[in-house]
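Chemist:
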Amino acid sequence: MSRLQGLAPVLDANTRVLVLGSFPGVASLRAQQYYSHPQNHFWKILGALWQRPLPGMAYPERVAALLDHGVGVWDVYGACEREGSLDANIRNAEVNDFAWVQRACPLLEAVAHNGGESFRHAQHTAQLGLPVYKLPSTSPANASWSFDRKLAAWSEVLQRHTSV
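Numbering (our numbering), first residue to last: 896 to 1059.
1. Between the alpha carbons of Asn987 and Trp969, how many angstroms are there, rounded?
2. Would Pro904 be called buried (16 or more neighbouring beta carbons within 10 Å of its own) or exposed?
3. Would Gly1010 and Ser1041 qualify as a contact pair, given that the criterion is a beta-carbon distance under 8 Å?
4. Which residues bound the alpha helix (DSSP H) around Gln1018?
5. For Leu944 versus Gln927, is the C-beta distance shorter than 8 Å?
6. Asp970 lies in the beta strand (DSSP E); which residues open and close that run?
7. From Asp992 to His1016, what distance separates their C-alpha atoms?
8. Tell me Cys975's beta-bridge partners as DSSP assigns them.
9. Would Leu1030 and Gly967 be called neighbours here (beta carbons separated by less than 8 Å)?
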């Protein structure tokens, strides 16, 4: 099993909510883009909240929309070993260092974990002294949650902390 390296964080000085996934899937690593799998609901949820066609936009435009709305994206793991894309297959993971995030994002108000594997590391993000939320995974593997149910949960958190 080869060692995989995660993606660089997407955030800036105006980031108010940092969304943390676990580790990019195969499609995202290949494309070097967060939430690249076409069946992942991440971009569809944000597009619905912001009334923008995010899934059909070029990745740089999607990233610009994230930052315009005060949302940053990163993962709890910076590197790991894994076959396929399932979180259950993650081995020998290195947790990212979140301490520098508050200096890079002075307006940061909250951390939102995208799914259970990410939330397993909430003790690390709680050390930032900010509200920490567990959101339902946007992954296609989370089929037990409908799109509308995911949208409602994400909407509640993002409306509280961003310009939705």
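By construction, the Cβ of each residue, glycine as well, lies at the ideal position given by its N, Cα and C atoms.
Modeler: Working from what's here:
1. Here the question's residue 987 lines up with position 92 in the sequence shown. Here the question's residue 969 lines up with position 74 in the sequence shown. One C-alpha to the other measures close to 19 Å.
2. Position 9 of the sequence shown, counted from the first residue, corresponds to residue 904. Burial call: buried.
3. For the purposes of this step, residue 1010 is taken as the residue at position 115 of the sequence shown. For the purposes of this step, residue 1041 is taken as the residue at position 146 of the sequence shown. No. Outside cutoff.
4. The residue given as residue 1018 occupies position 123 in the sequence shown. From DSSP, the alpha helix (DSSP H) with Gln1018 extends over Ala1017 to Ala1021.
5. Here residue 944 refers to the residue found at position 49 of the sequence shown. Here residue 927 refers to the residue found at position 32 of the sequence shown. Note that the C-beta distance between Leu944 and Gln927 is not below 8 Å.
6. Position 75 of the sequence shown holds residue 970. First-last of the beta strand (DSSP E) with Asp970: Val966 to Asp970.
7. Locating residue 992 in the sequence shown gives position 97, where the first residue counts as 1. Locating residue 1016 in the sequence shown gives position 121, where the first residue counts as 1. Going by the C-alpha atoms only, they are around 11 Å apart.
8. Taking the sequence shown and counting its residues from 1, one reaches residue 975 at position 80. Within the DSSP bridge table, the entry for Cys975 names Leu899 as partners.
9. Start at 1 with the first residue of the sequence shown, and residue 1030 comes out as number 135. Start at 1 with the first residue of the sequence shown, and residue 967 comes out as number 72. Against a cut-off of 8 Å, the Cβ pair of Gly967 and Leu1030 comes out as no contact.
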